[in-house]
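All letters in the sequence shown, in the order written, are residues 1 to 225 by full-length UniProt numbering.
Just so you know, even glycine gets a beta-carbon here, dropped at the ideal spot from N, CA and C.
Remember, it's a predicted structure, so these values are computed and weren't measured experimentally.
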Amino acid sequence: MTAPPDDCLARNEWICGAYLTSRRGILWDATLQHLQLTALSVLLGCAVALPLALAARHRRWAAAPVLGVTTVLYTIPSLAMFSLLLPVYGLSATLVVTGLALYSLTLLVRNLLAGLRAVPEETRQAARGLGYGPLRLLLTVELPLALPAAMAGLRIATVSAVSLVTVGAIVGFGGLGNLVYSGMNTFFKAQVLTASVLCVLIAVAADLLLLGAQRLLTPWARRAV
């Protein structure tokens, strides 16, 4: 007995509208988890990268160790990274978030440090001459001028996190990656393709959103082009 001509699920086709309608809830939950894991890992990475970049900027001897350690972390394979974190966090979403945050550090720290180093010393001296203290100088002069480079690193780190979240499926917290891996194990074509396409769409949307934020926050850079 053959499947009805409109039953793309029974024929296990790659493109299947019936899969989208019948698995809407599953796709939504997986997408939401994917977004949450990505956002949390990038936010954690930013929270750690900022003090590291500031330390490397103000203490030259710290630059090489900071950049070296973050680069080494980036080279660790994801399976090995999760295995190292497993005794601490167990099979949890925290393990995935922490691992992805560690991967993001090399991109975030390098770009933020490059932006801070690019701030002209004359600008710093002028701000100090106007009575700016260290904190005010950082918040109102250095960080705004370093923002274009920092945002470039943030965009790359975010897109990388979107793709790396899928690896979290090995511990059960991979967002759309869970659907990709289960679909590959059962050769469920529509599920693999749909989840993969959604990952790509999330990455593109996140990059465009951050690009728009960058242009909005740095109008002087846009005028200089």
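From the options, pick the residue whose C-alpha is nearest to that of residue i; which is it?
{"i": "L20", "options": "V66, A205, V197", "result": "V197"}
{"i": "A195", "options": "R11, D7, L32", "result": "L32"}
{"i": "R60", "options": "R117, L210, A213", "result": "R117"}
{"i": "L35", "options": "R24, T166, G45", "result": "T166"}
{"i": "R155", "options": "L137, I15, A114, G212", "result": "G212"}
{"i": "Y103", "options": "C46, R128, V192", "result": "C46"}
{"i": "A10", "options": "L209, Q191, F173, L208", "result": "Q191"}
{"i": "S92", "options": "W14, C8, R24, F173", "result": "F173"}
{"i": "S41", "options": "A18, A101, S78, I15", "result": "A101"}
{"i": "S78", "options": "G99, P65, C16", "result": "G99"}
Among residues of its own chain, excluding the 5 on either side of residue i, which ones have a beta-carbon nearer than 8 Å to its beta-carbon?
{"i": "T106", "result": "L67, T70, T71, L73, Y74"}
{"i": "L112", "result": "A49, L50, A53, A146, A149, A150, G153"}
{"i": "P5", "result": "Only weak support exists for where P5 lies, its pLDDT of 48 falling under 50; the value from the coordinates is given anyway. So no residue of the chain qualifies."}
{"i": "S163", "result": "C199, A203"}
{"i": "I26", "result": "L179"}
{"i": "E142", "result": "L116, V119, R124"}
{"i": "R128", "result": "L137"}
Is it buried or exposed, residue i, if we count other Cβ atoms within 10 angstroms and call 16 or more buried?
{"i": "E122", "result": "exposed"}
{"i": "T140", "result": "exposed"}
{"i": "H58", "result": "exposed"}
{"i": "L43", "result": "exposed"}
{"i": "A169", "result": "buried"}
{"i": "S22", "result": "exposed"}
{"i": "Q125", "result": "exposed"}
{"i": "F188", "result": "buried"}
{"i": "G115", "result": "buried"}
{"i": "L210", "result": "buried"}
{"i": "R110", "result": "buried"}
Between residue i and the rest of its own chain, which residues show a CB-CB distance below 7 Å, the 5 nearest in sequence each way excluded?
{"i": "L95", "result": "F82, L85, L86, Y89, V171"}
{"i": "A206", "result": "T158, V159, V162"}
{"i": "L108", "result": "G45, C46, A49, G153, L154, A157"}
{"i": "L16", "result": "Residue 16 is actually Cys in this sequence, not Leu. Once the five neighbours on either side are set aside, the close Cβ partners of C16 are C8, L9, A190."}
{"i": "I76", "result": "none"}
{"i": "V97", "result": "L37, L40, S41, L44"}
{"i": "W28", "result": "none"}
{"i": "W14", "result": "K189, A190, L193"}
Is there at least one Cβ from chain D nearer than 9 Å to residue i's Cβ?
{"i": "L40", "result": "Judged by its chain identifiers, the structure shown contains no chain D, having just a single protein chain."}
Whose C-beta lies closer than 6 Å to the C-beta of residue i among residues of the same chain, with five residues either side of it excluded?
{"i": "T218", "result": "L147, P148"}
{"i": "G175", "result": "A30, Q33, H34, L37, V165"}
{"i": "N12", "result": "K189"}
{"i": "A62", "result": "A55, A56"}
{"i": "A18", "result": "C8, L9"}
Could you tell me whether the stretch 183-195 touches the stretch 123-135, where touching means 3 or more Cβ pairs closer than 8 Å? Fewer than three pairs of CB atoms, one per stretch, sit closer than 8 Å, so the stretch 183-195 makes no contact with the stretch 123-135.
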